[in-house]
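Just so you know, we're using this note's numbering here: the sequence shown kicks off at 739 and counts up by one. Even for Gly, the Cβ is constructed at its ideal location relative to N, Cα and C.
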Amino acid sequence: MAERWQTAEPDSKPMRWPNGARCAVCFTFDFDAESLWIAKEPKNRELLATLSQGRYGAKVGIVKILELLKREELKATFFTPGWTVDNHRDKVEMLLNDGHELAHHGYMHYWPDPDKPDQIIEELDRGLDAMKRHFGVRPVGYRPPGSESCHFLLEQLTARGFLYNSCFKDDVHPYRHILRDGRRGPIELPEHPSMDDWNYGTSHLRFPKPIFPSAHVLGIWQDEFKMIREWGGIYVLVMHPQVTGRPMRMAILRDFIAFTRNYSDVWYATGREIAEAFATQERLN
């Protein structure tokens, strides 16, 4: 008997993009701030230099990113932990005032563990509560911390009415999740590590990684974009204010935006806009 690891129909199905576009580009930011470092190791609360990497994202990175997006007249989706909402309310308010989408990214950035269902529920509900308390916002999109998922999490997202999820890597087109019991789950906006700034631009003395040069990263992002456009897919760029908000990385994002604008058939949209377009096509079909 086949294992129940598949959560969608087996075939990839291209989507018809609005206004005759050939592909969609979705700029997303995981606005973790310090939560990522605390979740990784609780004693990091007392390691101030370690925490400062996350604080840079809330202190400098988010501001520079919002400035760039405003200049480029682009809207983005910010997957934000409830902890960030509680501790950096002013910066979250800035992105909302600029018309960007506020989406859910857990509360304390704990990765979903199928052996800890209570923690999964707490991450969801505390995050929802923080957004409601501060801004009266009910997010429709979710990206799990660590971009990991499980059947139980998909079921909990469905129970809470989430429109879409974004963390799976099994397609270049949006699709609808099918739950274990056969019910329809959230829409998936797939992404991939090749389009995630964390893999190229962060390091730490305790677990060092190479920092990749600008041309290396820009080349990968451009090559992925060219082929995804050719295939008519969705390009979900995953970024973090504490990474892309660094000076060199900001230049990469600026140059990548300029590169995509060489093509006139690109639809720039938030996660919500793409998921709503997918849902509309589902109804029409």
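Integer-rounded CB distance, given that residue j should sit under 8 Å from residue i
i     : j    : result
R922  : R914 : 6 Å
F963  : P928 : 15 Å between Cβ atoms; not a contact.
L895  : P924 : 5 Å
A1015 : P756 : 6 Å
P882  : M869 : P882 to M869, Cβ: 16 Å. No contact.
G792  : L812 : At roughly 24 Å, the Cβ-Cβ gap does not stay under 8 Å, so G792 and L812 are not in contact.
Contact under 8 Å by Cβ, residue i with residue j
i     : j     : result
A1013 : Y902  : yes
Y848  : E861  : yes
V1004 : C764  : no
P819  : G865  : yes
L751  : H911  : The amino acid at residue 751 is misidentified as Leu; the sequence shows Lys. Cβ atoms of K751 and H911: closer than 8 Å.
G795  : F769  : yes
I800  : M846  : no
S887  : G1009 : no
M977  : T766  : yes
K802  : M988  : yes
E772  : L785  : no
M815  : A787  : It should be noted that the sequence gives Thr, not Met, for residue 815. Not closer than 8 Å, so no.
L834  : F873  : yes
R967  : Y1001 : yes
Residues bridged to residue i [DSSP beta-bridge criterion]
i     : result
E839  : T815
V1004 : C761
N903  : Y880, E926
L722  : Residue 722 cannot be examined here, being either before or after the span of the chain that is shown, 739 to 1023.
I990  : Note: I990 sits in no beta bridge, so no partner.
Y913  : E926
D934  : V976
Pick out the complete beta strand (DSSP E) segments inside the region 804-834, 3 residues or longer, and give them in chain order.
815-818
Given 8 Å as the limit, is there contact between the region 842-859 and the region 1016-1023, that is, 3 or more CB pairs closer than that?
no
Is it a yes or a no for the region 927-942 touching the region 981-999, going by three-plus beta-carbon pairs under 8 Å?
Yes: the two stretches touch, three or more of their Cβ pairs being nearer than 8 Å.
Using 8 Å as the cut-off, can you tell me whether the region 951-961 makes contact with the region 803-819, which would need three or more C-beta pairs spanning the two stretches below that distance?
When C-beta atoms of the region 951-961 are compared with those of the region 803-819, fewer than three pairs fall below 8 Å, so the two segments do not count as touching.
Which whole runs of the beta strand (DSSP E) in the region 837-894 are 3 residues long or more, in chain order?
839-842
Inspect the CB distances between the region 817-830 and the region 780-790 and report whether three or more fall short of 8 Å.
Cβ pair count under 8 Å is below three, so no.
For a minimum of 3 consecutive residues, which ranges assigned as the beta strand (DSSP E) are wholly contained in the region 749-798?
761-768
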